[in-house]
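Numbering (the working numbering), first residue to last: 7 to 602.
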């Protein structure tokens, strides 16, 4: 009894203890449930933002290739001021507001209609300006009271405070799917005047249009090097400007980083001058920079300064009659600084950095910036450039020179990285027509960067990464790339290749060298192929429809895609032409259509 009683005393639970234990368990379960719910909400918000960005990219592609933006489903007409979820800075205009639905989806390169990830049916809100120039896509969020907007009317995307019109996320989903990622784009090789489809991932279509227009040749004006100047840091002995505009015309503030300088913040309301010549000093201090938005959409026609070194974002945005700018000391241009102005030539000898959209929509015929090193996204898109001289540029952003008419040889001796669509062309339209590429220092070339040009020769000896469709639809007949390691899908599809030698390549994407016919003889017909000794992966249909004479599969090869060598008659049927050092199975070789 004593023994039993002792056990009972030490091992038993009182009612109070049981209640406390149950309450603790309930609290722990509740905390776990709340944490998981919070996590899934954040994850779904990430998916929503990815969807909105993918819709935005597909719409940008339509614009860049000359196709109209699709109409929203269930559209109603509103002014900018009535759409409270649009971010600040969007111009006042009329919009058609509705949903990004089936009809809009069918006109894009998206592989699947993006819908809200919680119920897989709610569509995203979508607006198009009545003139067809601008779009905006918005989603609400579960994890916060904010919305997320992507638009080409100001900055591409941003988080905005909750406002009337931001669609609420679904609260009663018809199903509870696992958390998906963002929707992707699909399609295959492009067709003239249309969009791509089929194998090989996301494609880019070309727009139709008129033949190339030849603008008058007019070389850029460059100032003489001032005595005591340095091409890296700018002039040190700056001459006074002639006939400066009265100081009283300008608003300035003290430069917080330089007690001897002021920042130009705009034109005073009582000043009606449209041709501005900034004195070297205002109130006894040197004018060194222009603030963000200082002269945005104010109707300026010309602007001259000898001392200004930096022009910040949107400083001259939308001055559509601004045709003359002389800033002899300028070194840095911010995002959207000269967006949609009317510049034909500039004298920016000391310029080193150009921001996103900085010179978008101007009328440059040629540029020569001897010290420029960094070019942002879309920086020179939609100009009339036939020639670019950029001896020190190292980085070029996406779409930087898209919608120009650059012709002949492109020589960029210092460039290391080139973004997607940077020099993309469009055959039979007023777009780039590059015939030769010389990039001796380039390491990485982005997707579609040189697609749809007339390139017959490439000199890119140090390149290590060439992304998807980088040289799609050109006329290249020979490749010898000794440092190249990664080749993206369709990278050299629709060319005129006969010899390909890749000493260090490790991965080749789907249809990278496919011999499928495009038009006007754009068909690879590779007979000489050397894959080196480092190749690990060859994608689906990578070399289909060529005429390879002999094939060596090195020991390094671990993955070989279906139809990789399909329709190469000599190696499909004659195993004496095959040297196989790999450990791939017979079924893998058979699937790739290699004789055994």
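For each residue, glycine too, the CB sits at the ideal point set by N, CA and C. Every value quoted in this text rests on a predicted model; they were computed, and no experiment measured them.
Report task. Specify the secondary structure class of residue 465 as computed by DSSP and reduced to three states. Result -> strand
Under three-state DSSP, which class holds residue 81? strand
Run the proximity test for residue 136: is its beta-carbon closer than 7 Å to any non-hydrogen atom belonging to the ligand NAD?
-> This structure lacks the ligand NAD; in fact it carries no ligand of any kind.
> Among all the DSSP beta bridges, which residues are the ones paired with residue 338?
Replying inline: 316, 359
### Message
Does residue 86 come out as helix, strand or coil in the three-state DSSP assignment?
### Response
helix
* **Where residue 28 falls: helix, strand or coil (DSSP)** => helix
Within the continuous alpha helix (DSSP H) that includes residue 109, where are the two ends? 108-112
Practice item. Label residue 83 either buried or exposed according to how many other C-beta atoms from any shown protein chain fall within 10 Å of its C-beta, with 16 as the threshold for buried. Key: exposed
Who are residue 101's beta bridge partners in DSSP?
84, 135
Practice prompt. Using alpha carbons as the reference points, say which of 599, 60, 250 lies closest to residue 575.
Written response: 599
Would you call the region 152-161 in contact with the region 103-115, where contact means no fewer than 3 C-beta pairs closer than 8 Å?
no
Which value, in whole angstroms, describes the spacing of the CA atoms of residue 456 and residue 158? 23 Å
Integer-rounded CB distance, given that residue 577 should sit under 8 Å from residue 601:
6 Å
Quiz prompt | Option nearest residue 311 by Cα separation, candidates 537, 87, 270 | solution = 270
**Message:** Less than 7 Å between C-beta atoms, sequence neighbours within five positions excluded: which residues of the same chain meet that for residue 26?
**Reply:** none
Requested in this report: Please report how far the alpha carbon of residue 491 lies from the alpha carbon of residue 268, in whole angstroms.
Outcome: 50 Å
### Distance, residue 594 Cα to residue 450 Cα
31 Å
Taking all protein chains shown into account, do 16 or more other C-beta atoms lie within 10 angstroms of the C-beta of residue 294, making it buried, or fewer, making it exposed? buried
Review point. Which residue comes first and which comes last in the beta strand (DSSP E) that contains residue 274?
Key: Where residue 274 is concerned, there is no enclosing beta strand (DSSP E), given that its DSSP letter is neither H nor E.
By the three-class DSSP mapping on this structure, what secondary structure does residue 264 have? coil
>> Can you find the residues in the same chain that come closer than 7 Å, C-beta to C-beta, to residue 378, ignoring five residues on each side of it along the sequence?
In response: 357, 358, 360, 396, 398, 399
_Rounded to the nearest angstrom, what separates residue 537 and residue 67 at their Cα positions?_
34 Å
Can you check DSSP and say which residues form a bridge with residue 439?
413
Roughly how many angstroms separate the alpha carbons of residue 452 and residue 246, rounded to a whole number?
-> 44 Å
- DSSP on residue 393, reduced to helix/strand/coil? strand
Task: Continuous beta strand (DSSP E) stretch holding residue 291: start and end - done: 291-296
- Query: What three-state label does DSSP hand residue 424 in the structure shown?
  - Reply: strand
Residue 603 versus residue 87: straight-line alpha-carbon distance, rounded:
There is simply no residue 603 to check, as the chain begins at 7 and stops at 602 in what is shown.
Contact set for residue 20: own chain, Cβ-Cβ below 7 Å, skip 5 residues either direction: none
_Alpha carbon of residue 484 to alpha carbon of residue 242, nearest angstrom_ = 49 Å
- Compute the beta-carbon to beta-carbon distance between residue 435 and residue 401, rounded to the nearest angstrom, for a pair I have assumed lies under 8 Å. About 27 Å separates the two Cβ atoms, so there is no contact after all.
Please return the same chain residues whose Cβ sits closer than 7 Å to the Cβ of residue 388, not counting the five positions on each side in sequence. 366, 367, 409
Residues sharing a beta bridge with residue 146, DSSP
153
Original post:
What are the boundary residues of the beta strand (DSSP E) that includes residue 586?
Top reply: 584-586
Do you know offhand how far residue 554's Cα is from residue 65's? 40 Å
Going by the beta-carbon positions, is the gap between residue 458 and residue 427 smaller than 8 Å?
-> no
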